[in-house]
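Q: What follows is a single structure, and I will ask about it in a moment.
Protein chains: 2
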Amino acid sequence: MKRLLILASLIGAAPALADEGMWTYNNFPAAKVKEKYGFEPSQAWLDKVRLSSAKFGGGCSASFVSPNGLVMTNHHCARGCIQQLSTAQKDLIANGFYAQTQAQELQCPALEVSQLVEITDVTAQFNTATKGLTGKQYADTLRAEMAKLEKACATSDDIRCNVVTLYQGGRYNLYKYNRFQDVRLVFAPEHASAAFGGDPDNFEFPRYDLDVTFVRVYGKDGKPAKIDNYFKWSAQGAKEGELTFIPGHPGRTSRGLTVAQLEYLRDVSLPKTLFRQSEFRGMTTEFQNRGPEQKRISSNQLLMVENSLKANKGKLEQLSDKNFFAQKVAAEQELRQKVNADPKLKAKYGAAWDEIARAQNAYRDIREEFEAMEGSGISGQLFAFARTLVRAAEELPKPDSERLRGFNDASLTALKTQLASKAPLYPELEIANLTFSLTKMREELGPDHPFVKKVLGKESPRALATRLVKGSKLADPKVREALFTGGKKAIDASTDAMIRLAALVDPDARAIRKKYEEEVEAVIRKNSELVAQARFDLYGTDLYPDATGTLRLSYGSVKGYMEDGKKVEPFTTMGATFDRHTGEDPFALPKSWLAAQKDLTASTPMNFVTTNDIIGGNSGSPIISKDAEIVGLVFDGNRQSLGGEYGYDETANRAIGVHSEALVESLKKIYKADRILEELRPGSTPTVKSAPGR
Amino acid sequence: MKRLLILASLIGAAPALADEGMWTYNNFPAAKVKEKYGFEPSQAWLDKVRLSSAKFGGGCSASFVSPNGLVMTNHHCARGCIQQLSTAQKDLIANGFYAQTQAQELQCPALEVSQLVEITDVTAQFNTATKGLTGKQYADTLRAEMAKLEKACATSDDIRCNVVTLYQGGRYNLYKYNRFQDVRLVFAPEHASAAFGGDPDNFEFPRYDLDVTFVRVYGKDGKPAKIDNYFKWSAQGAKEGELTFIPGHPGRTSRGLTVAQLEYLRDVSLPKTLFRQSEFRGMTTEFQNRGPEQKRISSNQLLMVENSLKANKGKLEQLSDKNFFAQKVAAEQELRQKVNADPKLKAKYGAAWDEIARAQNAYRDIREEFEAMEGSGISGQLFAFARTLVRAAEELPKPDSERLRGFNDASLTALKTQLASKAPLYPELEIANLTFSLTKMREELGPDHPFVKKVLGKESPRALATRLVKGSKLADPKVREALFTGGKKAIDASTDAMIRLAALVDPDARAIRKKYEEEVEAVIRKNSELVAQARFDLYGTDLYPDATGTLRLSYGSVKGYMEDGKKVEPFTTMGATFDRHTGEDPFALPKSWLAAQKDLTASTPMNFVTTNDIIGGNSGSPIISKDAEIVGLVFDGNRQSLGGEYGYDETANRAIGVHSEALVESLKKIYKADRILEELRPGSTPTVKSAPGR
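These protein sequence lines map, in sequence, to chains A and B. Heads up, the first sequence is in the numbering used here, so the first residue is 58 and it goes up one at a time. Heads up, the second sequence is in the numbering used here, so the first residue is 58 and it goes up one at a time.
Set out below in structure tokens:
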């Protein structure tokens with residue numbers, strides 16, 4: 058795989074002619090789209106698309122697809138819910154699910170769908186509040202200002218508000234969301250079809266996945282929510298060359314980072330993460346061999362780590378590319394030279410890059426302790442609950458502006474939802490995971506580190522993990538609620554083993570966090586703001602910000618690409634899906650598919666690729682036409698797109714989607730899901746039944 | 058950990074004042090040692106040390122320590138034998154072993170100890186034979202010349218001869234070895250003591266390990282071999298500041314590699330290896346949870362992968378150090394500039410670096426296929442046997458000079474020994490490992506690669522691995538012997554599943570190997586020779602060659618070092634060992650130690666460090682005084698020494714050894730091994746018995 062990546066708009070040396078960018082709804086390059094594709098989205102069009110889009114759970118995207126609250130996303134996005142609704146006896150992951158009637162729709166234990174209803178630019182307020190401040194003062198003020206704005210905005214339980222830091226601090230926007238907290242499962246195919254090809258095919262194209270799930274959002278009255286803005290279904294789906302838009306929540310890109318930050322990622326952070334994830338994958342894969350039930354309860358974990366592992370490998374490959382990195386260095390040099398050439402700009406911004414490098418080096422020195430004490434050193438669901446409860450007891454009595462992020466009044470509803478989760482918790486897997494993280498912690502810090510001695514005492518990681526999990530009742534939501542309500546007194550009196558550990562390590566964790574926030578984070582934030590402002594001053598404001606897990610819009614078109622000298626066609630077909638069926642996981646199609654093969658139109662487009670600039674977090678995004686109709690469903694990017702974390706390359710970066718016609722064909726002929734079809738395309742063709750005797 | 062590494066002797070810009078170098082016995086810097094330490098080893102001294110040293114198995118070092126064939130090495134070197142002699146009922150790894158009488162000594166199933174008896178410089182012959190040749194012709198001639206020389210030298214079964222490529226081809230030496238093929242276990246402590254601290258303490262100092270094992274070599278008459286040259290035992294052991302020598306077999310260093318080669322290691326090879334090893338470690342760790350017997354049979358594998366993983370992380374850390382790498386770049390630039398400044402040198406050597414870079418890039422393009430087909434793509438003991446048998450049937454009928462390396466007449470005895478191994482083979486572990494490697498192969502090449510399709514067909518990695526292991530009888534040495542003796546006819550007729558797979562993939566494997574040998578290996582060899590010769594021309598011949606797994610000698614002294622601003626003392630004590638005992642593996646001392654604690658002299662030195670320049674492969678090396686007496690036993694290097702692969706830094710690189718007094722004290726008071734003690738120190742103190750009633 059060769060890359061010829063031109064960092065067009067970020068360095069500003071050339072206009073961004075490529076389909077690059079994950080744009081905000083208040084700075085969309087409508088004129089540029091018109092210039093290239095002849096269609097100019099109006100503000101009304103943008104508003105409708107924004108309101109028809111949804112954030113799904115913590116890290117996915119989705120879309121409203123009917124006036125009655127029907128929501129479309131990926132199977133791999135809804136997988137947590139599907140697994141939580143499964144039992145050893147009734148495995149919805151393996152067998153799929155279809156609610157024949159609305160009454161059969163199953164409530165997800167812990168899932169939220171939200172809709173971005175308002176965007177306010179609050180940059181000026183922030184700049185005024187933090188003017189002239191640095192270090193601790195800057196960080197404290199920033200945090201207090203955020204808490205204040207979010208609190209004022211979140212006027213009810215149904216509303217969530219977040220201050221979003223765009224352009225590394227060049228802009229601050231307040232995003233207001235409608236929250237849907239009653240989410241019910243409507244339809245999911247079998248895992249074998251949703252993730253056909255498994256890890257070997259993940260991030261690859263050609264591809265053959267039916268990675269879809271439908272859920273429905275309900276109101277507080279227990280009835281399907283009424284939705285004013287939703288996407289209609291396209292009659293034919295995406296065609297080659299067609300202009301496509303993808304609204305969604307790309308999680309993170311790092312295109313605006315400085316060279317010092319990229320070096321840290323390349324030389325330290327990504328390799329260390331990959332070593333850990335590789336080992337965790339090996340452990341989880343072998344854990345699956347303990348038995349069928351262990352396989353079931355750990356499958357989600359395996360998918361997640363494999364996905365992240367492959368993505369991180371792609372990122373590291375991109376940063377290890379000498380030519381690519383040289384472009385990054387050159388772009389930074391050019392910007393710094395321009396800054397230094399102007400005495401006013403130099404005085405304002407000149408030191409920012411070195412300050413960031415210094416903070417980045419300071420982080421190198423404390424990284425291992427930070428990770429151990431405040432990061433992944435002690436892992437698992439139970440410890441996460443314990444830490445949240447211990448901190449809530451400490452934080453909530455404080456004035457709102459002095460609390461740790463995540464414990465502000467504006468976040469309380471989300472916090473309570475999280476603590477009330479009815480999602481099952483598997484002690485055997487908890488012990489395995491906790492053993493793993495404690496072993497890693499000892500490895501990273503060494504057995505003689507005071508923190509390691511404090512946590513482990515004379516116990517081995519396995520013995521301690523077993524004792525902690527067996528000695529904790531935090532798997533029970535009622536126990537958590539009581540501890541949350543009981544506050545500091547209840548926490549201090551608790552003999553729960555996990556609560557005691559969380560309390561034991563909290564002073565260390567808070568101390569290293571404070572050091573990190575003041576000496577690393579605050580310095581990087583402050584100076585990244587300056588770098589971003591330097592870019593605005595020198596290159597103008599027609600730039601898109603790095604992805605931040607918030608709603609964006611990308612544009613592009615359906616288009617193949619070249620790989621190793623060969624053309625990769627933009628479409629696969631449902632017929633070709635059967636050619637890859639070997640009968641062995643992950644290349645084993647489910648029975649439903651094999652039974653329906655004869656009825657399917659083999660030439661129906663299955664998956665396809667577009668040039669839209671997306672990244673992890675866009676999973677579940679609809680692919681829409683200029684008429685804002687669904688023509689596909691994003692579920693992946695190709696291998697080449699993984700480097701998109703650091704820059705976009707139109708020659709090979711591709712978004713991968715399920716074609717809308719494959720969705721219709723499979724709902725109709727494989728799953729006989731008439732009820733959904735009718736909702737997606739009112740008045741559409743009735744289900745074709747197999748002829749008798751066939 | 059900070060490094061201030063000065064690449065003195067390799068760049069030749071400054072004299073090597075540091076204790077740097079793994080020197081050959083025919084180019085030892087005796088004068089330099091005298092200058093720094095006041096002692097000049099004579100040729101007779103060097104000869105005696107060489108003949109008293111031994112190579113142990115495939116990758117370790119050892120020493121003769123009595124006239125009756127007693128050999129000292131590390132527990133972790135003899136671990137393979139100790140495990141092979143164990144059963145589920147009698148676990149010698151966990152419980153240790155001591156043969157009270159000579160008759161009780163247990164024969165290791167597959168182990169060889171060898172002694173370097175002669176070194177001949179054959180560089181001129183090689184240069185004449187390959188003069189003017191390149192590519193395939195060069196590689197063929199080199200191979201043929203090696204086979205010819207080795208064959209002429211290996212006049213009996215007891216002799217092994219290898220042509221050793223020194224200075225990346227700057228010199229060729231013929232090494233002649235005495236082979237001892239009957240090796241019997243005499244004494245081994247419990248694993249818990251030998252590897253006290255386990256993986257967390259591995260490559261760390263301070264340290265507290267009794268990593269020793271004694272074996273005895275026997276002659277063909279079944280009697281202990283008579284040994285003329287052996288090391289006597291020091292009366293007191295190593296003292297701080299004392300001059301120490303370490304003879305041994307350092308496996309590999311890469312200090313003479315070009316920048317292009319180092320970049321490949323840093324950006325591709327080391328990261329990819331680490332990802333794979335991390336995952337394999339995770340898998341093996343969790344495999345241990347299948348049950349106690351599975352834990353026993355996989356412990357060796359776990360130790361090996363953890364050791365290699367930690368070593369490789371240290372190497373990558375060194376290469377990722379910007380300052381260190383900049384020194385490497387500067388050294389190469391200086392050498393190239395000097396070459397280019399002289400028209401004659403330029404004509405001779407000027408193109409070598411770019412040629413190496415080109416070949417290295419060519420390898421990047423085929424690396425994945427090479428690894429899959431000829432490397433670790435199909436792993437496990439059974440497949441290794443199958444490939445050897447399939448290739449032997451193909452190769453042996455050919456003229457000696459045309460055979461693949463490893464199948465020459467000179468290698469036949471070793472080949473037969475390997476095939477005759479009685480070491481047990483564990484099908485459950487074989488299946489797990491083979492599943493792992495097949496999964497990785499599919500991941501690396503992709504499921505649609507013709508080779509993957511050929512190997513897997515419609516089976517999953519696990520299904521195929523299970524079928525192959527269950528369908529193979531190659532675990533039986535008699536079956537292997539019959540197939541070896543039967544030649545091509547027997548192989549063609551065999552229905553053994555593993556033989557059939559090896560035969561199926563051999564054409565692909567040979568093709569990629571040929572491509573690699575001609576387009577990568579031959580080009581790099583040829584041009585590395587030129588770089589080495591350029592160094593000789595410009596910097597003289599007082600240089601040491603990179604380690605090659607052959608006998609070397611390093612010098613240094615007992616000396617502490619600074620780490621993170623604190624002094625690390627050079628000695629630990631037996632008493633302090635008990636302070637680290639937690640009772641939980643890997644910090645649980647065995648019962649024998651706890652029982653003897655009261656009898657031990659707490660101040661006895663336990664482990665210690667020296668400045669000797671060593672690397673993996675030196676494990677089991679004796680540490681000797683200028684009187685060639687044993688003062689310690691190398692078993693590790695500290696973390697800082699891992700970067701020694703690429704350069705030596707006297708400020709912090711340290712060899713770690715068991716002190717000779719700790720060996721004596723534990724043999725005497727913990728293990729009551731009078732028979733060995735008497736052999737090591739004839740007429741020494743009789744064993745102290747515990748007073749009755751204590």
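All C-beta atoms in this analysis are idealised placements derived from N, C-alpha and C, irrespective of residue type, glycine included. Keep in mind the model is a prediction, meaning the values are calculated, not measured.
1. Would residue 434 of chain B pass as an interface residue toward chain A - the criterion being a Cβ-Cβ separation below 8 Å?
2. Label residue 390 of chain A either buried or exposed according to how many other C-beta atoms from any shown protein chain fall within 10 Å of its C-beta, with 16 as the threshold for buried.
3. I'd like the span of the alpha helix (DSSP H) that includes residue 544 of chain A, first residue to last.
4. Just how far apart, CA to CA, sit residue 588 of chain A and residue 616 of chain A?
5. What does residue 554 of chain A reach in chain B if we use C-beta pairs closer than 9 Å?
6. Just the Cα atoms here: how many angstroms apart are residue 502 of chain B and residue 257 of chain A?
7. Examine chain A for any beta-carbon lying closer than 8 Å to the beta-carbon of residue 69 of chain B, and answer yes or no.
8. For residue 257 of chain B, go through chain A and note every residue whose CB falls closer than 8 Å to its CB, in chain order.
9. Determine, for residue 371 of chain A, whether the minimum Cβ-Cβ distance to residues of chain B falls below 8 Å.
10. Shorter than 8 Å from the beta carbon of residue 537 of chain B to some beta carbon of chain A?
11. Do you know whose CA, among A:698, A:423 and A:241, lies nearest residue 620 of chain A's CA?
12. Is residue 606 of chain A closer than 8 Å to residue 228 of chain A when the C-beta atoms are compared?
13. Taking any Cβ of chain B, which residues in the stretch 325-339 of chain A have a Cβ under 7 Å from it, in chain order?
14. How about residue 273 of chain A and residue 127 of chain A: do their beta carbons lie closer than 8 Å?
15. With H, G and I counted as helix, E and B as strand and the rest as coil, what does DSSP make of residue 464 of chain A?
16. What residue ranges within the stretch 602-669 of chain A form continuous beta strand (DSSP E) runs of no fewer than 3 residues, ordered along the chain?
17. Could you say which of A:219, A:334 and A:200 lies nearest to residue 30 of chain A if we only look at CA atoms?
18. Given a cut-off of 8 Å, decide if residue 713 of chain B and residue 664 of chain B are closer than it, judged by their beta-carbon atoms.
19. Is residue 511 of chain B near residue 639 of chain A, with beta carbons less than 8 Å apart?
20. Between A:148, A:687 and A:457, which has its C-alpha nearest residue 198 of chain A's C-alpha?
21. Helix, strand or coil for residue 315 of chain B per DSSP?
22. Less than 8 Å between CB atoms is the rule here; does residue 515 of chain B satisfy it with respect to chain A?
23. Taking the beta strand (DSSP E) that residue 235 of chain A falls in, what are its first and last residues?
24. Would residue 747 of chain A pass as an interface residue toward chain B - the criterion being a Cβ-Cβ separation below 8 Å?
25. On the three-state DSSP scale, how would you describe residue 738 of chain A?
26. Counting C-beta neighbours from all protein chains within 10 Å, is the total for residue 676 of chain A 16 or more, i.e. buried, or is it exposed?
27. What do you reckon, are the CB atoms on residue 186 of chain B and residue 574 of chain B nearer than 8 Å?
28. Taking a contact to mean a Cβ-Cβ separation below 8 Å, would you say residue 448 of chain B touches residue 325 of chain B in this structure?
29. Tell me whether residue 517 of chain B sits in a helix, a strand or coil according to DSSP, three-state version.
30. Return yes when the Cβ of residue 610 of chain A is within less than 8 Å of the Cβ of residue 221 of chain A, no when it is not.
31. Write down the C-beta distance between residue 145 of chain A and residue 129 of chain A rounded to the nearest angstrom, noting that I regard them as a contact closer than 8 Å.
32. I'd like the span of the alpha helix (DSSP H) that includes residue 117 of chain A, first residue to last.
33. Chain A beta carbons: is any one of them nearer than 8 Å to that of residue 251 of chain B?
34. Which first and last residues belong to the beta strand (DSSP E) in which residue 780 of chain B is found?
35. Which runs of the beta strand (DSSP E) fall wholly inside the stretch 73-139 of chain B and span at least 3 residues, in chain order?
36. Any Cβ of chain A within less than 8 Å of the Cβ of residue 640 of chain B?
A: Let me lay it out:
1. no
2. exposed
3. 534-550
4. 35 Å
5. Simply none; closest approach about 17 Å.
6. 9 Å
7. With a pLDDT of only 36 at residue 69 of chain B, under 50, the local geometry of the prediction cannot be trusted, and no value is derived from it.
8. 499, 500, 503 and 504
9. no
10. no
11. A:698
12. no
13. 328, 331, 332, 335, 336, 337, 338 and 339
14. yes
15. coil
16. 609-614, 618-620, 623-625, 628-630 and 662-667
17. The structure shown does not extend to residue 30 of chain A, since chain A is modelled only from 58 to 751, so the question has no answer here.
18. yes
19. no
20. A:457
21. coil
22. yes
23. 228-237
24. Residue confidence for residue 747 of chain A is low, a pLDDT of 45 falling below 50, so the modelled location carries little weight; the figure read from the coordinates is stated next. With 8 Å as the cut-off, residue 747 of chain A does not count as an interface residue toward chain B.
25. coil
26. buried
27. no
28. no
29. coil
30. no
31. That belief does not hold up - the Cβ atoms of residue 145 of chain A and residue 129 of chain A are roughly 29 Å apart, past 8 Å.
32. Looking at the DSSP string, residue 117 of chain A is not in any alpha helix (DSSP H); the run it does join, the beta strand (DSSP E), is 117-121.
33. no
34. Residue 780 of chain B is absent from the model: chain B starts at 58 and stops at 751.
35. 110-113, 117-121 and 127-130
36. yes
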